[in-house]
Structure formats: C-alpha cells, structure tokens
DNA sequence: TTTTATTTTTAGTCTTGTCTAAATATTATT
DNA sequence: AATAATATTTAGACAAGACTAAAAATAAAA
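Protein chains in written order, with this note's numbering: chain A, 626 to 843; chain B, 626 to 843.
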C-alpha cells in the first residue's frame with residue numbers, strides 16, 4: 626500500500642496532468658501548499674515505485690500504475706462526498722475536507738459496499754463523474770462559462786473550484802447543479818458576464834465564470 | 626488535534642487501565658506490538674500534553690483530558706462498527722480493522738450525523754456500549770464465563786477478544802450476542818467447560834471461556 | 001549570445017515515531 | 001540482605017516527510 630502522502634501527490638499530479646504532458650515541480654508545490662524541494666524528493670520516490678515517470682528539471686507524469694491508483698483514490702473521494710450529502714446531511718460546501726480524510730481509508734469491501742448503499746451514483750455533489758470498480762467513468766463534455774458567448778445557454782453540470790467559499794456564493798444566488806443558465810451579455814472591459822439564472826439577471830466576474838461548467842443546449 | 630499514534634496510545638491505555646491504577650510500559654508495548662522503549666518515549670509526550678500522568682518506572686494513567694479523548698475515539702470506533710454491519714453488510718468479525726482506520730477521522734459533524742443515521746445505537750456489534758456525544762455510556766455488568774460455576778446461566782452480552790479468528794469460531798457454533806448459555810460442568814484438570822448453547826452441548830477451553838461475557842440470569 | 005531571472009535540485013537540518021543495545025531500576029529469589 | 005531476574009529507561013540510529021539555503025539548470029530578456 627501507499628502512504629497518505631504518496632496518495633496525495635498522486636492525486637495532485639492526476640488533477641494537474643492534461644493528456645500525457647509533464648507536470649512541473651512548481652505546479653505541484655503550489656497546489657499542495659508545499660515547497661518545490663519536497664516535491665522533488667517525492668517525485669523520486671514515486672518514480673522508484675513506478676507510479677510516476679520523473680524527468681529531472683522537466684517534471685513528472687503518472688505511469689499506468691499511478692493513473693490506476695489515482696482513479697481509485699478519486700473514486701473513494703467522490704463516493705464519500707455523495708455519502709456525506711445524501712446520508713449525513715452535509716451541504717455541498719462542507720464535504721471536501723472530510724472526504725479528503727476518508728479517501729485514504731483502505732478497504733476494498735468498504736468502498737464497494739458504500740457504492741452499493743448509495744445506488745451506484747454516477748456523479749458527486751459537484752457534478753464530477755465517479756469511476757466504477759474498474760476505473761471507468763463518464764467523460765463529461767462541459768464548457769466553462771468564461772469561454773461562452775452572448776446567447777449561449779446550458780445547464781450547470783460542474784464547478785471547477787469546490788471550495789466552501791465559492792459554493793456558498795452559488796448557494797446565495799440559488800445556483801446549483803442542474804440550474805439553467807443563459808449568457809445575456811459580456812462586458813469587454815473587465816470580462817465580466819451578465820447571465821440569467823432562475824429567472825433573475827446576475828452579474829458575475831470573470832473569476833466566477835472561470836469556475837462554472839455548463840453542458841450546452843444544442 | 627492529536628496524531629494517529631497518540632490516539633492509539635491513549636486508546637490502549639484506556640483499555641488496559643482499571644480504575645485509577647497505573648498501566649505498565651510493558652503491558653502497553655505488548656498490546657500494541659511495539660517496543661517498551663517506544664512506549665516510554667510516547668508516555669513522556671502524552672504527559673507533556675497533559676493527556677496522561679507518567680511516573681517513571683511505575684507506569685502511566687490517563688488524565689481527565691486523556692480519558693475524555695479516549696472515550697471519543699471509542700465512540701467513533703464503535704459507531705463505525707455499527708455502520709459497517711448495519712449499512713454495509715460486514716460480518717461482526719470483519720469490522721475491527723476498518724473501524725481502526727475510521728476512528729481517526731476528524732469531524733464532529735460527521736460522527737454526530739452518523740450516530741443519527743444509525744438511530745443512536747447503544748451497543749456495537751460485539752456488545753460494547755457506545756458513548757454519546759458527552760461521553761456517557763451504559764456500564765454493563767457482565768461476567769466472564771471463566772469465572773462462573775456449574776449451574777450458572779445467562780445470555781451472551783459481549784466478547785473480550787474481537788479478533789476475526791475468535792468470532793469465526795463463535796459463528797461456527799452459532800453463538801452470537803443474545804445467545805442463552807448455561808454452565809453444565811467444569812473440568813478441574815484443564816479448566817475447560819462444558820456449556821449448553823442453542824440446545825447443544827459444547828466443550829470450550831479455558832481460553833474461550835476467558836473471552837465470553839454473560840449477563841447472569843437471577 | 002550574453003546576461004538576468006526563474007525554476008529545480010542538492011545538501012543539510014528538523015520532527016515524529018520507531019528500533020536496538022546498553023545502562024539503570026525494580027522485583028523476586030535465595 | 002545479597003544476588004539473580006525482569007522491567008524500564010537512556011543513548012544513539014534510522015526512515016518518512018518536510019523545510020531552508022545554496023548550487024545548478026533552464027528559460028527569458030537584453
């Protein structure tokens with residue numbers, strides 16, 4: 626088995642890695658609130674264990690092994706999130722920290738039974754897909770609001786940032802997964818948007834538009 | 626918060642401590658499969674944090690603080706055990722190791738909501754009482770079979786050893802919590818017992834008799 | 001293409017928790 | 001009460017993970 630630390634690095638690399646590109650030491654350090662030197666140390670360890678490929682001064686990427694491992698951690702994280710919301714009355718902005726602890730519990734049976742208890746959910750409370758036992762999961766095709774144009778419409782299917790702060794903002798404006806959203810206007814000056822949600826018009830900053838994923842209506 | 630290691634020591638001392646007596650370094654070491662020297666180190670740490678009172682060469686006992694902490698860990702452990710059995714189809718001999726991991730998850734809300742989900746159970750799957758939020762729990766008065774005499778009878782309310790091995794033995798003989806047991810005879814030679822359970826007569830060794838708790842019938 | 005700035009790595013240190021081996025206390029035995 | 005046996009502590013070492021500061025490599029700018 627892998628240590629909690631190793632698992633956290635694997636998860637982080639997974640999230641930062643796009644395709645087969647290398648992830649830089651600094652990116653990992655920033656994301657994990659740690660120092661680049663610590664990352665270097667760990668990348669060597671992960672490479673030794675054949676979980677990542679590490680090219681000095683260039684960065685790292687997950688191996689097949691590492692990828693499999695990452696997907697299982699993410700499966701656990703997301704299933705626990707569903708559990709917390711569905712069974713334990715957590716709000717969607719409260720689940721992340723606890724799930725971060727729970728995702729490291731080691732027990733195949735535990736996680737598969739949890740999956741069954743929850744009815745084999747396909748999505749977590751933030752709209753992210755949940756891998757099954759074999760690591761397969763739906764690829765969502767979703768677009769950031771910040772990349773849309775006037776007139777586009779769709780429904781909210783995910784959020785980029787799942788910090789409590791951001792989710793509370795959405796709650797305040799009654800925006801949740803499934804909410805129908807239309808782009809009314811785009812302000813060139815500050816890249817802010819005017820959108821329609823819940824029959825109300827709302828001004829959102831570029832930063833917010835950068836964290837909302839829509840599934841477009843064709 | 627306390628580290629996982631600290632929590633494990635606190636829990637162990639709690640289980641070994643009878644009344645306000647001191648628990649010896651060696652007892653702790655044996656129970657935890659570790660070395661006496663490691664225990665000494667940790668006892669100093671726990672004393673510094675005011676979780677235990679440590680008297681060199683004499684042993685240690687929990688402080689008020691340590692006791693409160695222990696009870697909360699035990700509350701978590703036992704609630705998770707109930708969850709695993711009731712909601713995730715675990716057998717009573719499968720829960721211990723996983724609960725041992727889960728008991729260290731830090732979230733007040735998590736554990737209280739879990740308690741609610743389970744209907745505020747009073748006992749875990751091995752018959753041990755579950756402390757409430759405030760640390761209060763039923764004191765069971767129970768007696769080890771090994772201390773009973775010919776003719777005594779009662780119902781099984783708990784087991785001392787909750788290892789998978791032992792519990793599987795009980796399963797094999799269809800002995801479970803609530804099973805009515807009568808002491809038919811006691812063999813002076815090897816301290817073994819002849820008991821009646823489920824309308825069947827069974828010979829049990831002293832070791833087994835040492836791990837079964839009965840609530841006596843008056 | 002040098003020079004400068006940034007990124008990454010190395011070297012050395014620290015903390016937590018563990019271990020072994022040796023030293024010291026305590027308990028049991030004669 | 002002296003000696004033997006057992007229990008406990010100290011001293012020193014190690015592994016995992018993290019950090020700082022300095023060195024080396026890469027990227028950007030002049």
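In this text, a Cβ means the ideal position worked out from N, Cα and C, and glycines have one as well.
Beta-carbon gap between residue i and residue j smaller than 7 Å
i	j	result
residue 831 (chain A)	residue 821 (chain A)	no
residue 751 (chain B)	residue 724 (chain B)	no
residue 839 (chain A)	residue 768 (chain A)	yes
residue 639 (chain B)	residue 667 (chain B)	no
residue 649 (chain A)	residue 684 (chain A)	yes
residue 670 (chain A)	residue 742 (chain B)	no
residue 755 (chain A)	residue 781 (chain A)	no
residue 698 (chain A)	residue 728 (chain A)	yes
residue 641 (chain B)	residue 686 (chain B)	no
residue 796 (chain A)	residue 836 (chain A)	no
Distance cut-off 6 Å: residue i Cβ against heavy atoms of the ligand FAD
i	result
residue 838 (chain A)	Ligands are entirely absent from the displayed structure, and the ligand FAD is therefore not among its contents.
Beta bridge counterpart(s) of residue i as assigned by DSSP
i	result
residue 793 (chain A)	Answer is none; residue 793 (chain A) lacks a bridge partner.
residue 839 (chain B)	B:768 and B:781
residue 805 (chain A)	A:780
residue 825 (chain B)	B:822
residue 733 (chain B)	Its beta-bridge partners do not exist; DSSP assigns none.
residue 634 (chain A)	Looking at the DSSP assignment, residue 634 (chain A) forms no beta bridge with any residue, so it has no partner.
residue 677 (chain B)	B:687
residue 748 (chain B)	B:754
residue 830 (chain B)	Paired residues: none, contrary to the question.
residue 817 (chain A)	A:812
residue 648 (chain B)	B:685
Sequence-distant residues of its chain with Cβ nearer than 6 Å to residue i (five each side left out)
i	result
residue 653 (chain B)	637 and 664
residue 718 (chain B)	789, 792 and 793
residue 834 (chain B)	770, 771 and 818
residue 823 (chain A)	799
residue 661 (chain A)	650, 651 and 654
residue 804 (chain B)	781 and 822
residue 773 (chain B)	808
residue 656 (chain A)	637
Listed by chain order, chain B residues near residue i by CB distance under 8 Å
i	result
residue 742 (chain A)	712 and 713
Contacts around residue i, its chain only, beta-carbon distance under 7 Å, and the 5 residues preceding and following it disregarded
i	result
residue 841 (chain B)	768, 777 and 779
residue 715 (chain B)	709
residue 783 (chain A)	751, 752, 753, 765, 767 and 838
residue 758 (chain A)	737
residue 734 (chain A)	none
residue 690 (chain B)	675 and 676
Proximal residues of chain A, C-beta to C-beta of residue i below 7 Å
i	result
residue 739 (chain B)	713
residue 735 (chain B)	713 and 723
Contacts that residue i makes with chain B (C-beta to C-beta distance below 7 Å)
i	result
residue 732 (chain A)	723
residue 727 (chain A)	730
8 Å Cβ shell around residue i - same chain, five flanking residues per side excluded
i	result
residue 688 (chain A)	675, 676, 677 and 678
residue 826 (chain B)	809, 819 and 820
residue 812 (chain B)	818 and 819
residue 760 (chain A)	693, 696, 697 and 700
residue 608 (chain B)	Since the first and last residues shown for chain B are 626 and 843, residue 608 (chain B) lies out of range.
residue 631 (chain A)	667, 670, 671, 674 and 676
Determine contact between the segment 735-747 of chain B and the segment 697-708 of chain B, defined as no fewer than three beta-carbon pairs at a distance below 8 Å.
yes
Are the segment 688-701 of chain B and the segment 626-644 of chain B touching, with three or more C-beta to C-beta distances below 8 Å?
yes
Taking contact to mean at least 3 C-beta pairs separated by less than 8 Å, is the segment 676-683 of chain B in contact with the segment 712-729 of chain B?
Between the segment 676-683 of chain B and the segment 712-729 of chain B, the count of C-beta pairs closer than 8 Å stays below three; the two stretches do not touch.
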